[in-house]
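**Q** First to last, the sequence lines map onto chains A and B.
Numbering of the first sequence is given in the numbering used here, commencing with residue 122 and proceeding in unit increments.
Numbering of the second sequence is given in the numbering used here, commencing with residue 110 and proceeding in unit increments.
We treat Cβ as the ideally placed atom computed from N, Cα and C, and that holds for glycine.
Owing to the predicted nature of the structure, the values given are computational and were not obtained by experimental measurement.
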Amino acid sequence: MPEPPTALHVEHLTIDLDGRVILRDLSFDVATASWVAVIGPNGSGKTVLFRSLIGALPHSGIVRWAPGTRLGYVPQKLDIERNLPVTGLDLLAARARVAGVSASDVGSVLSRVGLSTNVLGGLIGDLSGGQFQRLLLGCALLSRPTLLLLDEPTTGIDEPGQERLNVAVQRLQRDGVTVMTISHDLSVVSRFATNVLCITRDHRCLEMPRRALTPELLAEVYAEPIAFFRHDEPDR
Amino acid sequence: MSLTASSFALTASSFALSVAVAIAAGLVGAFALMRRMSLAADALSHVALPGIGVALLLRVNVLAGAIFALVAGALLIWALERRTRLSADAIIGVVFSAALAIGALLTTSEELIDALFGGASPASSWELVVGITGAAGIVAFVLLAKDRLLLTFVSSDVARTAGIDVRRLDLFYLLACALVVALGLRYLGALLMGSLMIIPAATARHVARSVRQMLAGSALLAAGAMAAGMWLAMRLHRESGPLVVACASLCFFVVLGVRRQRRAA
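(1) Should A:VAL234 be flagged as near chain B, meaning a C-beta pair shorter than 8 Å?
(2) Relative to chain E, which residues along the region 219-244 of chain A have a C-beta separation below 8 Å, given in chain order?
(3) Taking only three categories from DSSP, how would you classify B:SER265?
(4) Within 10 Å of its beta-carbon, does B:VAL289 have 16 or more other beta-carbons around it, so buried, or fewer, so exposed?
(5) Looking only at its own chain, which residues have a Cβ that is under 6 Å from the Cβ of A:VAL207, when we skip the five neighbours before and after it?
(6) Are B:LEU324 and B:ALA357 closer than 8 Å when you measure CB to CB?
(7) Could you tell me which whole alpha helix (DSSP H) segments of length 4 or greater appear in the region 196-274 of chain A?
(8) Is there a C-beta anywhere in chain B that falls below 8 Å from the one on A:GLY277?
(9) Provide the residue(s) that pair with A:THR135 in DSSP beta bridges, ordered along the chain.
(10) Checking 8 Å against the spacing of the C-beta atoms, do B:ILE186 and B:LEU283 come in under that value?
(11) For chain B, check one thing: does any of its Cβ atoms lie closer than 8 Å to the Cβ of A:ASP211?
(12) Please state the DSSP three-state secondary structure of B:MET143.
(13) Let me see if you follow: with CB-CB separation under 8 Å, is A:ARG255 close to chain B or not?
(14) Using the DSSP secondary-structure output, state which residues sit across from B:ASN170 in a beta bridge.
(15) Could one say the Cβ of B:LEU329 lies closer than 8 Å to chain A's Cβ atoms, at least one of them?
(16) Mind checking whether B:GLY303 and B:ALA150 have CB atoms under 8 Å apart?
(17) What does B:ARG269 reach in chain A if we use C-beta pairs closer than 7 Å?
(18) Can you give me, in chain order, the residues of the region 239-268 of chain B that have a beta carbon less than 7 Å from any beta carbon in chain A?
(19) For A:HIS130, which three-state DSSP category applies?
(20) Can you give me the C-alpha to C-alpha distance between A:GLU280 and B:VAL204, rounded to a whole angstrom?
(21) Leaving out five residues on either side along the sequence, give the residues of the same chain with a beta carbon under 7 Å from the beta carbon of A:LEU241.
(22) Excluding the 5 residues flanking B:ALA178 on each side, which residues of the same chain have their C-beta closer than 6 Å to its C-beta?
(23) Can you check the region 140-183 of chain A for any alpha helix (DSSP H) of at least 4 residues that lies completely inside it and give the ranges in chain order?
(24) For B:ILE241 and A:LEU231, what's the separation of their Cα atoms in angstroms?
(25) Relative to the C-alpha of A:GLY193, which residue among A:GLY297, A:CYS260, A:LEU307 is closest?
(26) Between the C-alpha atoms of B:VAL239 and B:ALA121, what's the straight-line distance to the nearest angstrom?
(27) Going by beta carbon distance, what residues of the same chain come within less than 6 Å of A:THR267, once the five residues before and after it are set aside?
(28) By the criterion of Cβ-Cβ separation under 9 Å, what are the contact partners of B:SER319 in chain A?
(29) Quick check: A:ARG185 and A:HIS133, are their CB atoms within less than 8 Å of each other?
(30) Does B:ILE186 have its Cβ less than 8 Å from a Cβ in chain A?
(31) Can you give me the C-alpha to C-alpha distance between A:PRO126 and A:VAL222, rounded to a whole angstrom?
(32) Using 8 Å as the limit for Cβ to Cβ distance, is B:SER111 near chain A?
(33) Determine contact between the region 247-255 of chain A and the region 153-172 of chain A, defined as no fewer than three beta-carbon pairs at a distance below 8 Å.
(34) Go to A:VAL317, then tell me how far its beta strand (DSSP E) extends in each direction, as first and last residue.
(35) Pull up the distance between the alpha-carbon of A:SER308 and that of A:ILE143, whole angstroms please.
(36) If distances are taken between C-alpha atoms only, which option among B:ALA337, B:GLY338, B:CYS360 comes closest to B:GLY326?
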C-alpha cells in the first residue's frame, strides 16, 4: 500500500526562547488525513511547538507544509478577558468576513460543530466550556482548513461535551482533514489518534498509539509510572 | 457670555474638531481595552510632553513635536513587546513616566499647565484641516480593520492562521493610538488625553452586549464627555482637560451605580 502524502514535514526543529532551549532537534512527519496526538508532561513544549509551527515563535530548522495547506488553529486560551462584551457571533462573523465566506458557509459550520445562533448571540464569557471550544473550532473551520491544530481542546469540558467535540473532529479527519491535537487524556488519544508524538526534554517518538501508549514508554515520557488500562481496539 | 461672529466661528470649528477627535479616541479606546493596554494607552499620552518641550525650545509647531514624540513612543512599545517578554503596561510604567519627567524639565512652568491639562485655544485653520483629516483617518482605519483587530486581540495565534499580518496590524493600531493622543492634546493635555481613550470604553463595556455596541457606546460617550467638558470650560473659564475627564468619569460611576442597582434588584 503506498504511503499517504505528507501534510507536514519537520526537520531538526529547535526552539530557543530568551536563551532557554525549549525543544531541540525535533524531526517528524505528519501524514495527510491522520490524527496526531502530541503528548508529554506539562512544560515539555507542546504549545510552544504548535505556536512555532504557525510562525508565532522563532525557531531554527525546517517546517514544510504540503502545498495548498490551509491551517485552522484552536488555542488553549484567548488573549482577551472573557468578560468583555464580545459575543460568539461577533467572533464568528469577524472570522467569516476575514475568510471571505458566505452566510450559508457559516450556517453549515455551525451545524457541523452543533451550535445554534441563539447560543452564539450570548457573550463568550457566558458560554459553557464545551460551547466555547466548539465556537473556536467553528472559527477554525471557516477557513476550510486542510490541517487542524487543537491545543488541549477538551480541557474543562464535561464528558458529554468532550465526546461531542472529539466525534466532530473525527468526522473532519475522516473527510480528509489532518488533525494535530495536544492532549493529556490518554484514553482519548488511544481511541481517536492514528499516531502519537511524545515530547519530553530527553525523549521523543512518533508511533502508533498501540506502540506509544505502553506503561514503559509512558513512564519514560512522564518520568513516573502511569496507570493505563487498554481496552480491546484491534486496529490501533 | 456673548461671542463675536469671528470668535464664535473659531470656537465652533474648534468644538467640531474636539468632538471628531473624541469619536476617534472612543473607537481606538474600545480596542485598547481588548488589547489589555488600558494603563499603557493612558500613559502613552505622557510621552508627548518631551516632544512639546523640545518643540517649544526650538520654536517649531507644538503639534508636530508631540506627533514626533508619540510616534516614537508607539514604535518603542511595538518593538519592546516583541523583543522582550515585558507587557506593554510594564514597559510604559518605566519608560513613559521618565518621559513625563523629562518633558516637565524641558517645559517652562507657564506652558506646562497647558501642555499637561489642555488649553483649548482656538485651532488655526491648518490645525483644523490636519485634525479633522487625522480623526477621519483613524475612524476609517478602526472601522475597516475592526474584524482583523478583534481577531488579533482575541487571539493573535488564531489571527495569524487566518492570514492576518499580526505585527503590521498591531503597529498600525499603536500608531493610531499615538495620532489620536496627539490630536487631542490641545483639549486634554499630555496628562489626561489617554483617559479619553480609556474611560468611555470602560463605561461602554459595562452596558454593551456586543462588539458593535461597545464601539458605538465608547465613541458616543467620548464625544458626549468632550462636548460637555468643552462647554463647561467655556462657561467656567477653566482648562478643558480636567472638565472633560470629570464628565467622562461621572458617566462611568453613574453607569456602574445603575448596573449594581439593577443587579441587586
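**A** Here's the rundown:
(1) By one-based count along the first sequence, residue 234 of chain A stands at place 113. A:VAL234 does not count as touching chain B.
(2) In the displayed structure, chain E is absent; the protein chains listed are A and B.
(3) Taking the first residue of the second sequence as position 1, residue 265 of chain B is located at position 156. Note: B:SER265 maps to helix in three-state DSSP.
(4) As a working note, residue 289 of chain B is residue 180 in the second sequence. When all chains shown are included, B:VAL289 counts as buried.
(5) If you number the first sequence from 1, residue 207 of chain A lands on position 86. Same-chain partners within the cutoff: ILE245.
(6) Translated into the one-based positions of the second sequence, residue 324 of chain B becomes position 215. Translated into the one-based positions of the second sequence, residue 357 of chain B becomes position 248. Not closer than 8 Å, so no.
(7) 209-220, 224-234, 238-241, 250-262
(8) Indexing the first sequence from 1 puts residue 277 of chain A at position 156. Output row for A:GLY277: interface = no.
(9) Sequence index remark: in the first sequence, residue 135 of chain A carries index 14 (1-based). Beta-bridge partners of A:THR135 (DSSP): A:SER181.
(10) Looking up residue 186 of chain B in the second sequence gives position 77. Looking up residue 283 of chain B in the second sequence gives position 174. Cβ distance < 8 Å, so B:ILE186 and B:LEU283 count as in contact.
(11) Here residue 211 of chain A refers to the residue found at position 90 when the first sequence is read from its first residue. At a cut-off of 8 Å between beta-carbon atoms, A:ASP211 makes contact with chain B.
(12) As a position in the second sequence, residue 143 of chain B is number 34, starting the count at 1. Correct three-state label for B:MET143: helix.
(13) As a first step, residue 255 of chain A is located in the first sequence; it is residue number 134 there, counting from the start. No - not a single Cβ of chain B is within 8 Å of the one on A:ARG255.
(14) For the purposes of this step, residue 170 of chain B is taken as the residue at position 61 of the second sequence. Answer is none; B:ASN170 lacks a bridge partner.
(15) Taking the first residue of the second sequence as position 1, residue 329 of chain B is located at position 220. For B:LEU329, the answer is no, since every Cβ of chain A falls outside 8 Å of its Cβ.
(16) Taking the second sequence and counting its residues from 1, the one referred to as residue 303 of chain B is at position 194. Taking the second sequence and counting its residues from 1, the one referred to as residue 150 of chain B is at position 41. Going by C-beta atoms, B:GLY303 is nearer than 8 Å to B:ALA150.
(17) Your numbering for residue 269 of chain B matches position 160 in the second sequence. Those are ILE175, GLY176, ALA177, listed as they occur along chain A.
(18) Of all residues in the region 239-268 of chain B, ASP256, ARG257, LEU259, LEU260, PHE262, VAL263, SER264, SER265, ASP266, VAL267 have a Cβ within less than 7 Å of some Cβ in chain A.
(19) Within the first sequence, numbered from 1, the residue matching residue 130 of chain A stands at position 9. Correct three-state label for A:HIS130: strand.
(20) Along the first sequence, read from residue 1 onward, the residue named residue 280 of chain A stands at position 159. Along the second sequence, read from residue 1 onward, the residue named residue 204 of chain B stands at position 95. Spanning the two alpha carbons is a distance of roughly 49 Å.
(21) Start at 1 with the first residue of the first sequence, and residue 241 of chain A comes out as number 120. Once the five neighbours on either side are set aside, the close Cβ partners of A:LEU241 are THR208, GLY209, LEU210, LEU213, LEU256.
(22) Position 69 of the second sequence, counting from 1, holds the residue named residue 178 of chain B. Here the set comprises VAL156, ALA157, PRO159, GLY160.
(23) 167-174
(24) One-based indexing of the second sequence puts residue 241 of chain B at position 132. One-based indexing of the first sequence puts residue 231 of chain A at position 110. Taking the straight line from one Cα to the other gives about 43 Å.
(25) Translated into positions along the first sequence, residue 193 of chain A becomes position 72. The shortest Cα separation from A:GLY193 among A:GLY297, A:CYS260, A:LEU307 belongs to A:CYS260.
(26) Taking the first residue of the second sequence as 1, we reach residue 239 of chain B at position 130. Taking the first residue of the second sequence as 1, we reach residue 121 of chain B at position 12. Going from the Cα of B:VAL239 to the Cα of B:ALA121 covers about 16 Å.
(27) Mapped onto the first sequence, residue 267 of chain A falls at position 146. Excluding residues within five positions, the ones whose Cβ falls inside 6 Å are THR190, ARG191.
(28) As a first step, residue 319 of chain B is located in the second sequence; it is residue number 210 there, counting from the start. What B:SER319 touches in chain A: PRO206, VAL207, THR208, LEU210, ASP211, GLY242, LEU244.
(29) On the first sequence, residue 185 of chain A is found 64 positions in, with the first residue counted as 1. On the first sequence, residue 133 of chain A is found 12 positions in, with the first residue counted as 1. Not a contact, by the Cβ cut-off of 8 Å.
(30) Position 77 of the second sequence, counting from 1, holds the residue named residue 186 of chain B. B:ILE186 does not count as touching chain A.
(31) Residue 126 of chain A sits at position 5 when you count from the first residue of the first sequence. Residue 222 of chain A sits at position 101 when you count from the first residue of the first sequence. Cα to Cα, the separation comes out at about 28 Å.
(32) For the purposes of this step, residue 111 of chain B is identified with residue 2 of the second sequence, where counting begins at 1. Since pLDDT at B:SER111 reaches only 49, below the 50 mark, its modelled position is unreliable, and no value is offered.
(33) no
(34) The residue you call residue 317 of chain A lines up with position 196 of the first sequence. Taken as a continuous stretch (DSSP letters only), the beta strand (DSSP E) holding A:VAL317 covers 316-320.
(35) Taking the first residue of the first sequence as 1, we reach residue 308 of chain A at position 187. Taking the first residue of the first sequence as 1, we reach residue 143 of chain A at position 22. Roughly 27 Å separates the two Cα atoms.
(36) In the second sequence, the residue the question calls residue 326 of chain B occupies position 217. With distances taken between Cα atoms, B:GLY326 lies closest to B:CYS360.
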